[in-house]
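Let me begin by presenting the structure, written as structure tokens, before commenting on it.
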Amino acid sequence: MLKRVFRENWLTRDPAHPGLATTVALALLLAAGRLVEFPASGELVFGRGEYWRAWTTLFVHSGPAHLLSNLVLFIPFAFVLTGYYGWFLFPFLGFLVGGLVNLAVLREMPAAISLVGASGVVYWMGAVWITLAILVDRRERLARRVLKGFGVAMLLYLPEGYRPEVSYVTHLYGFLAGIACAVLYYYANRATFRAAERYEYRYDFDAHWDPRLNGYGPELPEEAPLDAESFK
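Reminder that position 196 of the sequence shown reads as 1457 in my numbering, one-by-one numbering, no gaps.
Here is the structure:
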């Protein structure tokens, strides 16, 4: 019996793009954001028409702890997203959507409250990577892939407790936007991802199957064991 055996797909190969330089550059930009701060608030963005602040505030953090908490996930996700999917998905689309998420969140916040940090982008990055992994890597059944993705998302993003200074709405919007972007990106590039799948076919010998019962194969004495070596 011929059995199809998986060899490789888009995610098991080496990354197609060099992601290290981009990751380092973006991490330095996030760190340098404290030097020239342009935070965003509803009053500044909508009251004064300074919509660009929805993007500059991505590079503003409340302190070193806030910055480091984002870099812990930002660095690995930036490396793999850029490496496997290219610069359009990240950083271009990631930061574009991050600013749009900030605009949506600022609409719901008190006008005087500032919204700072790249947390929405970090949640977007994780959602994109997990969703694309579910869709691209088809080695297991879809239900099992979804269950694994849900577990990883809970492990990475489930908060340990409530903190009033944290904008959980930004996290939610960023994550949902990431899922939507990943689904659209996958179907726009599905042919490319499927073309990267490689399989090989192997003969799967069943030691309990006797070819003599089908009228072909070597005639063996009754006392001879039916093992794989007998039919080579």
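Quick reminder that beta carbons are idealized off the backbone N, C-alpha and C, glycines included.
Scanning Ala1282, Arg1368, Pro1325 and Ile1374 for the CA closest to the CA of Pro1337 turns up Ala1282. Separation of the CB atoms of Ala1315 and Leu1357 is rounded to 10 Å, and the pair is thereby denied contact status at 8 Å. For Glu1401, the three-state secondary structure derived from DSSP is coil. The DSSP assignment places complete alpha helix (DSSP H) segments of no fewer than 4 residues inside the segment 1274 to 1357 at 1281 to 1293, 1314 to 1317 and 1325 to 1346, in order along the chain. Taking all protein chains in view, the Cβ of Ala1443 is crowded by 16 or more other Cβ atoms within 10 Å, so the residue is classified as buried. Less than 9 Å divides the Cβ of Asn1331 from the Cβ of Ser1380. For the options Glu1421, Val1306, Leu1417 and Leu1329, the alpha carbon positioned closest to that of Phe1436 is the one of Leu1417.
In this structure, DSSP gives Leu1272 a state outside helix and strand, which the three-state scheme calls coil. The beta-carbon distance between Gly1294 and Phe1320, rounded to whole angstroms, is 3 Å. This is short enough to meet the 8 Å contact definition.
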